[in-house]
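J.:
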Amino acid sequence: MRKIFNCLYVALFRTIEDDGVEHSGYMSFMILLSIFPFLVFLLALTSFLGASELGQNFIQIFLESLPEQATESIEKRIRELLSAPPQSLMNLAIVGSIWTASSFVECLRTILNRVYQIKSPPPYIRRRLLSIIQFLIISALITFTMFLLVVIPILFTKIPIILETIEKYKIILNFIRYFLILILLFLGASSLYYILPNVKLNFIDVFPGALLTVILWIISGYLLSTYIVYYNQLNLMYGSLGSIIVTLIFFYIINMIFIYGAEFNYLMKNYENIE
Numbered sequence: 267m268r269k270i271f272n273c274l275y276v277a278l279f280r281t282i283e284d285d286g287v288e289h290s291g292y293m294s295f296m297i298l299l300s301i302f303p304f305l306v307f308l309l310a311l312t313s314f315l316g317a318s319e320l321g322q323n324f325i326q327i328f329l330e331s332l333p334e335q336a337t338e339s340i341e342k343r344i345r346e347l348l349s350a351p352p353q354s355l356m357n358l359a360i361v362g363s364i365w366t367a368s369s370f371v372e373c374l375r376t377i378l379n380r381v382y383q384i385k386s387p388p389p390y391i392r393r394r395l396l397s398i399i400q401f402l403i404i405s406a407l408i409t410f411t412m413f414l415l416v417v418i419p420i421l422f423t424k425i426p427i428i429l430e431t432i433e434k435y436k437i438i439l440n441f442i443r444y445f446l447i448l449i450l451l452f453l454g455a456s457s458l459y460y461i462l463p464n465v466k467l468n469f470i471d472v473f474p475g476a477l478l479t480v481i482l483w484i485i486s487g488y489l490l491s492t493y494i495v496y497y498n499q500l501n502l503m504y505g506s507l508g509s510i511i512v513t514l515i516f517f518y519i520i521n522m523i524f525i526y527g528a529e530f531n532y533l534m535k536n537y538e539n540i541e
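Per our numbering, the very first residue in the sequence shown carries number 267; after that it's consecutive.
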């Protein structure tokens, strides 16, 4: 227990020392820059597979799981893409989204290499190619996740007995759905911690930070939503840009927590050497 508290404490200072504050801002910009091309790419991918409604339903579930105030500035455009994907931009969007989203993957790798003190990362071209491959793998995993979250519940509703059970235990099943989303968040964070840094890790090495990250994401999302509802002063300062600022703040917080979780993983793994 002492080890855990020491790592939590030291990770705060290491996050600042490793420029986690600055990287969080850059990562927030990259998310905002890449989210729309990525969604267009995702819709194009599911449409190519003959399951366009699958992508739309998944994005709908994803939006519902985020704080409403944090996605207000981008939700309108996302819903426009869902209702009428711009077919004329599909080819351009595929190329643009792969490059932009892989840039975000490369951004994550850079900060994780900084956390793990990787002094000599691979050459730039190799890193970019690796980022593109990893982005495509992540997209495939998201498509598989869509199947789990969207298709399986739809199949269940086709069975009368299960449909009656769903209506009877709707609250419990909604709780289970959100619990599954948390599990997927944990698996997603663990995967990023595991595959992105240029260092060999075991799953047990990334488990503590991934768990901490998901817990802090939940807490921070709730606190941010509460603040915006009851104590919001951003509109007075930023006017019509308030919703965009809220979105950037939300991305900034989740990125800072992600970096903090990586620092926690590093300290837990190398505690004896640091102590």
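From the three backbone atoms N, C-alpha and C, an ideal C-beta is built for every residue, glycine too.
K535 lies in the alpha helix (DSSP H); which residues open and close that run?
T.: Note, K535: alpha helix (DSSP H), 508-535.
J.: With burial defined as no fewer than 16 other Cβ atoms inside 10 Å of the residue's Cβ, what is the status of T492: buried or exposed?
T.: Label assigned to T492: exposed.
J.: Report the option in K466, M503, I437, I481 whose CA atom is closest to the CA atom of L450.
T.: Nearest option by C-alpha distance: I481.
J.: For Y488, which of helix, strand or coil comes out of DSSP?
T.: Residue state, collapsed to three classes: helix.
J.: Short of 8 Å in beta carbon distance, which residues of its chain neighbour I525, apart from the five on each side in sequence? Order them along the chain.
T.: Excluding positions up to five away in sequence, the list reads T281, D284, G286, H289, S290, I377, V381.
J.: From what residue to what residue does the alpha helix (DSSP H) around V465 run?
T.: That residue, V465, is in no alpha helix (DSSP H); it is neither H nor E in DSSP.
J.: On the three-state DSSP scale, how would you describe M293?
T.: M293: helix per DSSP, three-state reduction.
J.: Give me the Cβ distance between T479 and I523, rounded to the nearest whole Å; I'm assuming they're in contact under 8 Å.
T.: Correct: roughly 6 Å between the Cβ atoms.
J.: Could you tell me how far apart the beta carbons of P387 and N464 are, in whole angstroms, since I believe they sit closer than 8 Å?
T.: Confirmed, about 6 Å.
J.: What is the rounded straight-line gap between the Cα of G508 and the Cα of M296?
T.: Spanning the two alpha carbons is a distance of roughly 19 Å.
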